[in-house]
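In the working numbering, the protein residues as written are 192 to 351.
Cβ atoms here follow ideal geometry from the backbone N, Cα and C, with glycine treated the same way.
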């Protein structure tokens, strides 16, 4: 299952908060307090985002964190990769030939292409869109519901 870490979730929460308050820096404590997030964890997330130049910080009474550039120029992919590292959908990576099935794997290349599409979708979705909460879908998505077991007919004796 593709899932962002809690730190990545907190990073997106913080960036949406900062994007919705342009020109008003916020401290890690203020952001953490608005969303009931542990202050120490929010501080670490913001420090990582600052090292990756997604946010900037200023000391002093009017200090705090603010976006390092326009929210429309910060992608969700950049944030996720800054916090969690590269997006992966398989245990192997492009350089990982230690897998026993590497040479004969018939799904490796298609799954890498799937990963590339996921990253492209995340790259197309910006913090500005996240903050405005009216972002268009970058790719058409169809959700297929998995039927409950009760919806499958029991096999007949002839099928067994």
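#1: Should the segment 285 to 305 be regarded as contacting the segment 231 to 247, the criterion being three or more beta carbon pairs within less than 8 Å?
#2: Span of the alpha helix (DSSP H) holding residue 360?
#3: With residue 253 and residue 229 assumed to form a contact (beta carbons below 8 Å), what rounded beta-carbon distance in angstroms separates them?
#4: What residues in its chain sit with their C-beta under 7 Å from that of residue 234, if we drop five residues either side in the sequence?
#5: Is the CB-CB distance between residue 280 and residue 302 below 8 Å?
#6: Return the first residue and the last residue of the alpha helix (DSSP H) that residue 209 is part of.
#7: Compute the Euclidean distance between the alpha carbons of residue 267 and residue 318, then round it to the nearest angstrom.
#8: How many Å lie between residue 322 and residue 290 at the Cα?
#9: For the alpha helix (DSSP H) that contains residue 234, what are its first and last residues?
#10: Do residue 223 and residue 274 have their C-beta atoms within less than 8 Å of each other?
#11: In the DSSP assignment, what are the bridge partners of residue 246?
Let me lay it out:
#1: no
#2: There is no way to answer for residue 360, as the model of the chain reaches only from 192 to 351.
#3: As a position in the chain shown, residue 253 is number 62, starting the count at 1. As a position in the chain shown, residue 229 is number 38, starting the count at 1. That pair is no contact at about 25 Å.
#4: By 1-based counting over the chain shown, the position of residue 234 is 43. For residue 234, where only same-chain residues beyond five positions count, the Cβ hits under 7 Å are 219.
#5: As a working mapping, residue 280 is identified with position 89 in the chain shown. As a working mapping, residue 302 is identified with position 111 in the chain shown. Yes, these two residues count as a Cβ contact at 8 Å.
#6: The sequence position of residue 209 within the chain shown is 18, counting from 1. Element bounds for residue 209: 197 to 210.
#7: Counting from 1 along the chain shown, the entry for residue 267 is found at position 76. Counting from 1 along the chain shown, the entry for residue 318 is found at position 127. Looking at the two C-alpha atoms, the distance is approximately 6 Å.
#8: Along the chain shown, one-based indexing puts residue 322 at 131. Along the chain shown, one-based indexing puts residue 290 at 99. Each residue's Cα considered, the two are about 41 Å apart.
#9: Numbered from its first residue, the chain shown carries residue 234 at position 43. 230 to 242 is the extent of the alpha helix (DSSP H) around residue 234.
#10: By 1-based counting over the chain shown, the position of residue 223 is 32. By 1-based counting over the chain shown, the position of residue 274 is 83. Going by C-beta atoms, residue 223 is not nearer than 8 Å to residue 274.
#11: For the purposes of this step, residue 246 is identified with residue 55 of the chain shown, where counting begins at 1. DSSP lists 258 as partners of residue 246.
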